[in-house]
Every structure is written in C-alpha cells, then in structure tokens.
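>
Numbering (the numbering used here), first residue to last: 22 to 745.
Okay, structure coming up:
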C-alpha cells in the first residue's frame with residue numbers, strides 16, 4: 022500500500038498545532054478545577070484535563086467526521102468547579118477532600134456517559150434541529166469571539182474584557198501582540214494563494230523559529246525579549262492519579278449521593294453543549310451529521326476518559342475548526358493525543374520553546390474568520406432582526422457564558438416567532454353565503470334570497486396554529502364588526518394544525534358575549550381538533566350540537582365534519598329566518614302551460630326510489646335525464662381511501678344527469694336517494710321522438726338545459742375566484 026507522504030506530513034503538522042492548543046486549554050481548565058483550597062493538588066487537575074484532552078483528540082477516529090476534536094469544555098468545567106468548591110466547604114481533611122474530588126469527577130463523568138447514551142438510544146438528539154438558525158449563528162459567532170478573547174489572553178494575559186482592555190491600554194507597548202497581529206496579517210495575505218493545510222503549519226513553524234532565534238541571539242533588549250512574556254512556561258508537577266486507587270470512607274458515599282443533582286446538571290449542560298456544537302458545526306461544514314452516533318461516541322469517550330482518570334469531554338468547535346483548517350484528520354488526532362500523553366509523562370518542558378504569539382495569532386485568525394462568517398457576512402442574507410439577535414447572543418456569551426446566551430437566544434426567537442406569527446393572516450378565505458354556497462342546489466326564489474341576504478352569514482376559513490394571540494385577533498375582528506346585522510358566523514378549522522387552551526378560552530369568551538343574541542356559530546372541525554373545538558361550547562355555557570346539520574338553539578354553536586354541511590345548515594337557517602323554511606318546486610316549471618307540462622311528462626318514465634338507493638353510479642354510461650318530482654338526492658363522488666365527497670344535493674324540482682346525457686361519456690358521480698323519492702326519467706330515444714313530433718317542446722327543453730349549464734359554469738367560476 023502506497024503512502025502519501027504529503028498527506029501524512031500535513032496531518033502530523035495539524036496534529037502538532039491541535040495538540041499544543043489542547044495542552045494549553047487543558048492547563049487552564051485543570052487549574053480552574055483545582056482552585057481554592059485544592060490548589061495544592063492543581064497538578065492532578067492538570068493531569069486529569071490532559072487525559073480528557075488526549076482521549077478527546079482521538080474522538081474523530083470513531084466518529085463520522087475525522088476532524089472532530091473533543092476535550093474539556095468551559096461550560097461543564099464551570100459546573101464541575103462549583104461542585105468541587107462545595108466539597109472544600111465541608112471542612113473535611115485536605116486529603117479526604119482531594120479523594121472526594123477525584124471520586125466526584127469520576128461519578129459525574131459516568132453519569133454524563135449514561136445520559137449521552139440514553140439520549141442517543143431513544144433518538145432524541147434530532148430535537149436540536151428545531152433550534153432557530155439565528156441561535157446557531159450566534160453560537161458560532163460567539164465561539165469566534167471567545168477564540169479572539171482566548172488568543173489575546175494567550176499572547177498578553179489579558180482577555181477581551183473591560184478590565185483586560187484597561188490593563189492592555191495601561192501598557193500599550195506590547196511587541197508580542199504586534200508579532201501575533203503580524204501572523205494574522207500573513208495568514209490573511211497568503212490564504213488566497215496557499216492552501217490552509219500548508220499555510221497554517223508553515224506560518225507557525227516560521228514564527229517559532231524567528232522568535233527562538235531572536236531570544237537566543239540576544240539581538241533585542243532584555244526588556245523587549247523577556248522569555249516569560251514570549252514563551253509558554255514549561256509544565257512541572259503534573260501528577261496523575263488512578264481513579265481505582267482513590268480511598269473513600271462510608272460517609273463519603275452520602276456526600277457523593279448528595280451531589281447527584283449537580284451531576285445531572287453537568288450531564289444536561291454537557292448534552293446541551295454537544296448538541297448545540299454539532300448543530301453549529303453542521304452549518305460550518307455544510308453537511309448533516311448522525312447526531313445519535315456522535316452522542317454514542319461521546320458516551321464511549323467520556324467513559325474511557327473517566328476510567329483513565331479524566332472527566333467528561335465535549336466536542337470543541339474551536340479545536341475542530343483548527344484541525345480542519347490545518348488539513349487534519351484521523352492521524353492528526355492521534356498526533357495531538359500523543360502530545361497530551363507526552364506532556365502527562367513528563368515532557369512538559371518542551372512547551373517552553375513554543376511562542377505564545379504563534380499559537381495566539383493562529384487562534385485569533387480563526388476567531389476573526391468565524392466572526393466574519395457568522396456575524397459580518399450574515400448581514401447580506403439575513404434580516405436586521407436576526408443580525409441584532411446574533412449580536413446580542415455574542416454579547417451575552419462573552420459576558421455570561423454559552424448557556425445564558427443560548428437560553429436568551431431561544432427566548433428571543435420564541436418572542437420573535439410569536440410576534441411574526443401574530444402578523445400572519447389567520448383566514449385563508451373570508452367571504453359570505455352570497456359568494457360561497459353549499460353544494461345544495463337552490464331553485465328559484467330561494468337562490469335569489471341567498472344572493473341578496475347571504476352577506477348576513479360570514480365565513481372564515483382559518484389556518485395555522487391557534488393560540489391566544491391569533492384567537493384574540495379573531496375576537497377583535499368580531500368586536501369591530503356590526504354583529505347585530507349578522508345571522509351566522511361559519512368558522513372552518515379544518516386548516517388549523519392545533520389549538521391550545523388559551524385559544525379555547527378566547528372562543529369561550531366570544532360565545533358568552535353573544536349568547537343572548539340571535540346569532541349562530543357554525544364550527545367545522547377536522548379529526549385532529551374535534552375534541553378541542555367541542556370543549557368550547559361545553560365549557561362556555563352555550564348550547565351546541567354536532568352532526569351533518571346543526572340543531573343548536575339561537576346563540577349556540579353547531580359542529581360539522583365538513584364546510585359543505587356547515588354551509589347547508591347556515592343556508593337553511595337563513596332561509597328559515599326569511600320565511601322560506603319549506604320550498605316546493607315543479608320539475609317541469611320551465612314550461613308555462615299546463616298542457617305542455619303534461620305533454621312533456623308523457624315522454625318520461627315515472628320511477629320511485631327508496632331511501633339510500635342508488636339511482637345511477639359513477640363510471641356508468643347512461644342515456645337518461647332525471648327530474649325530481651319529490652324527495653331529495655345527493656350527487657356523490659366515491660373515494661377509494663377517503664370518505665365520499667358530496668358534490669351537490671338536489672331536491673324537488675331539480676334536474677340531474679344532463680352532462681353525461683349530452684356528452685355521451687360515463688357519469689362522473691353517483692346519485693343516491695337521501696329519502697324515499699320519486700323521479701321522472703327522460704330517455705334519449707324518447708327525446709328524439711319528442712323532437713320529431715313536438716319540436717317546439719324539445720327546443721324549450723334544450724334552452725332550459727343550456728341555461729342550467731351556463732348557471733353551473735358561472736357558479737364554478739365564482740368558486741374558483743373565491744378560493745383564489
């Protein structure tokens with residue numbers, strides 16, 4: 022097998038840079054853990070952090086992305102440090118406190134490993150994908166800011182904070198800072214010409230050689246070339262303690278059990294940080310990761326680190342980005358782990374030959390790149406509100422940490438969502454009965470009355486999710502209109518994805534307000550919100566009914582499974598209020614003279630149809646037209662998977678089947694009797710006989726059919742225009 026030496030060299034150099042960065046962070050985190058009265062054991066804290074960093078450097082080997090680097094994290098470290106500080110306040114002997122501290126680190130890490138595994142086992146990691154983009158962008162921009170702050174702290178010992186800047190301004194003569202800025206300029210200047218995997222290690226190597234030459238040559242003055250200013254201090258006193266050698270007493274078990282809630286907090290913080298980091302890296306890498314698989318890898322690495330004397334590690338955005346930018350992969354992680362192990366084994370003096378400005382300049386360069394990508398560049402593709410949200414998250418993270426910034430970002434996103442959603446039109450359709458009618462065919466004066474008075478019943482087709490704000494908007498619309506001029510309100514909830522309890526309370530208030538008025542509400546439900554809607558009238562004190570036709574009293578609410586049935590009931594109610602509750606019509610009313618009607622009837626066949634019987638079926642060929650003498654029929658479109666759809670309801674005086682009769686094509690719907698009915702059937706051969714014997718009579722029939730078809734076309738066009 023051939024070996025690509027260029028690739029090996031690139032990964033080795035990347036591993037050296039990442040390993041050095043991991044060691045520097047491990048030193049600071051280890052010192053943070055064993056502070057206060059545990060300062061005596063700070064060497065053990067650094068050793069535990071180095072173990073965690075070493076295991077974390079190998080994280081990419083069992084992950085789908087080889088450049089992943091895991092290690093100690095500020096979020097979990099801060100909670101762990103607080104836990105250990107509580108131990109020091111118990112007043113126990115120093116050696117016993119130290120043993121409890123190591124046991125606490127071990128048990129907390131194992132709890133975290135179990136939490137990571139359980140989250141992956143139940144496939145809950147994907148919930149992080151619901152976090153808004155602005156929060157993720159703010160998370161990445163905050164990482165860039167913290168990297169810049171860390172870089173300044175590495176070079177000058179003063180982070181990007183107000184006290185740090187004051188200290189920097191009090192002593193502005195910092196040649197080491199100028200040298201670090203020169204590295205940043207060199208990286209930016211050469212980035213477009215040289216691959217980052219070659220450029221970064223080359224610049225760091227050159228910078229290291231230059232600084233060492235100047236310090237050893239004596240060219241610069243002693244004041245400007247102080248070794249402790251330019252170089253990292255060598256590590257001495259690093260001591261490793263095996264967790265299985267920790268001696269505990271029975272009373273210590275009670276102390277550890279008392280710390281279990283804090284251990285769960287660490288696991289939650291670690292889990293949240295991991296998922297946020299992964300979601301952010303998905304944006305940065307422009308690919309999706311198997312979140313549950315990465316969590317399993319975290320569980321394994323955390324457990325191994327705990328068994329070897331380390332603690333919980335979290336995937337690092339900064340060190341992963343550094344590894345990727347330097348051209349690293351699986352081998353670079355191995356090299357970085359070897360560096361951590363070497364330091365742990367006593368090679369800490371080698372760090373004393375590494376310039377702070379070299380590593381600090383590189384970290385500053387990467388941090389500025391992240392700030393540019395996720396804050397400055399976002400102004401071109403995101404709204405001003407999102408930019409302000411990203412900036413606010415950066416400020417909060419810089420001052421209070423990732424968790425505060427994340428929580429604030431999510432809360433702000435929720436508020437923005439609520440405000441934005443409240444501006445979205447709730448009604449996809451707003452009309453009345455004069456413009457949108459049911460499928461019931463109204464004849465003569467009834468149709469005219471609905472056309473004139475249909476505006477007394479308004480129709481709202483609602484959409485989206487119904488909560489307090491959206492329901493309150495509907496309430497405000499009702500309060501602003503002249504309710505006294507209305508007979509009914511149809512609210513179609515079939516397009517509503519959900520209704521919360523606050524929205525139900527608003528609708529109950531609406532029903533109570535109009536309970537004593539002659540106003541009917543018609544609620545159309547879907548299978549998903551039926552129970553929620555029916556609880557409105559149940560708890561409001563209003564009368565209510567459900568079914569295909571409502572029978573609630575005035576001031577009540579009726580429920581329907583479809584808009585068509587609700588419109589039918591609303592029409593019947595309006596016609597009843599107008600004095601047309603019972604309508605009869607002659608199916609041969611298109612003929613004026615009684616003798617003409619009798620003559621036309623002589624060419625037809627009288628037929629009785631029982632309730633629920635099918636007059637003709639969808640797909641059949643027919644040569645007949647039907648005239649309803651009495652009763653009622655539904656024109657139904659059969660459906661294989663869904664419920665049948667009613668296209669029309671015709672009653673006494675109506676004509677049916679003329680489309681298939683004249684086109685000669687198969688029928689497109691079935692006709693079923695709603696009640697016991699009677700029809701007259703005109704067959705095609707009978708019509709031909711009529712044309713031959715009584716052409717005038719046949720011509721008047723043809724004119725009536727043309728007029729009916731024109732009316733049907735006009736109604737279809739009106740519906741199309743109404744629904745957009």
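Built from N, CA and C at the ideal position, the CB exists for glycine as well.
#1: Check the DSSP bridge columns for residue 62 and list the partner residues they point to.
#2: I need the DSSP call for residue 538, collapsed to helix, strand or coil.
#3: For residue 407, count neighbouring C-beta atoms within 10 Å of its own C-beta (all shown protein chains included) and say buried if the count is 16 or more, exposed if not.
#4: Check the DSSP bridge columns for residue 487 and list the partner residues they point to.
#5: When you compare each of 194, 208, 313, 397 to residue 141 by their alpha carbons, which one comes out closest?
#6: For residue 422 and residue 135, what's the separation of their Cα atoms in angstroms?
#7: Measuring straight from C-alpha to C-alpha, what distance separates residue 518 and residue 524?
#8: So what's residue 361 in DSSP terms, helix, strand or just coil?
#9: Mind checking who residue 478 pairs with in its DSSP beta bridge?
#10: For residue 636, report the span of its alpha helix (DSSP H) as first-last.
#11: Apart from the five residues just before and just after residue 107, which ones in its own chain have a Cβ nearer than 7 Å to its Cβ?
#12: Residues in the same chain with beta-carbon distance under 7 Å from residue 290, minus the five sequence neighbours each way, listed in chain order, please.
#13: So, residue 627 versus residue 673, is the Cβ gap smaller than 7 Å?
#14: To the nearest angstrom, how far is it from the Cα of residue 630 to the Cα of residue 468?
#15: Checking 7 Å against the spacing of the C-beta atoms, do residue 259 and residue 130 come in under that value?
#16: Could you check what DSSP says for residue 124 in three-state terms: helix, strand or coil?
#17: Determine the contact status of residue 74 and residue 35, defining contact as a CB-CB distance below 7 Å.
#18: Check whether the Cβ atoms of residue 382 and residue 162 sit closer than 7 Å, and answer yes or no.
#19: Is the Cβ-Cβ distance between residue 137 and residue 293 less than 7 Å?
#20: With respect to the beta strand (DSSP E) encompassing residue 626, which residues constitute its N-terminal and C-terminal limits?
#21: Which first and last residues belong to the alpha helix (DSSP H) in which residue 289 is found?
#22: Would you mind sorting residue 84 into buried or exposed? The rule is 16 or more other CB atoms within 10 Å of its CB.
#23: Just mark residue 275 as buried or exposed, buried being the case when its beta carbon has 16 or more other beta carbons within 10 Å.
#24: List the endpoints of the continuous beta strand (DSSP E) containing residue 704.
#25: Put residue 415 into one of helix, strand or coil per three-state DSSP.
#26: Please go through the same chain and pick out, in chain order, the residues whose beta-carbon is closer than 8 Å to the beta-carbon of residue 473, but skip the five residues on each side of it.
#27: Looking at the structure shown, is residue 453 part of a helix, part of a strand, or coil, going by DSSP?
#28: When the Cα of residue 89 is compared with those of 466, 712, 665, 358, which residue comes out closest?
#29: What are the start and end residues of the alpha helix (DSSP H) that includes residue 645?
#30: For residue 86, tell me which candidate among 306, 93, 149, 28 has the shortest Cα-Cα distance.
#31: My guess is that residue 44 and residue 364 are in contact by the Cβ rule of under 8 Å, so how many angstroms apart are they, rounded?
#32: Could you tell me the distance, in whole angstroms, from the CA atom of residue 223 to the CA atom of residue 116?
#33: What does a CB cutoff of less than 7 Å around residue 641 pick up in its chain, not counting 5 residues either side in sequence?
#34: Between residue 17 and residue 391, is the Cβ-Cβ spacing less than 7 Å?
#35: Should residue 250 and residue 309 be called a contact, given that it needs their Cβ atoms to be closer than 7 Å?
#36: Between 650, 694, 714, which lies nearest to residue 700 when the distance is taken from Cα to Cα?
By the coordinates alone:
#1: Note: residue 62 sits in no beta bridge, so no partner.
#2: coil
#3: buried
#4: 520
#5: 313
#6: 25 Å
#7: 13 Å
#8: helix
#9: 509
#10: Note, residue 636: premise wrong, no alpha helix (DSSP H); beta strand (DSSP E) at 635–637.
#11: none
#12: 96, 97, 100, 424
#13: no
#14: 26 Å
#15: no
#16: helix
#17: no
#18: no
#19: no
#20: 626–630
#21: 281–306
#22: buried
#23: exposed
#24: 698–704
#25: helix
#26: 455
#27: strand
#28: 358
#29: Unbroken run through residue 645 is the beta strand (DSSP E), 645–651; no alpha helix (DSSP H).
#30: 306
#31: 5 Å
#32: 47 Å
#33: 687, 688
#34: The structure shown does not extend to residue 17, since the chain spans only 22 to 745, so no value can be given for it.
#35: no
#36: 650
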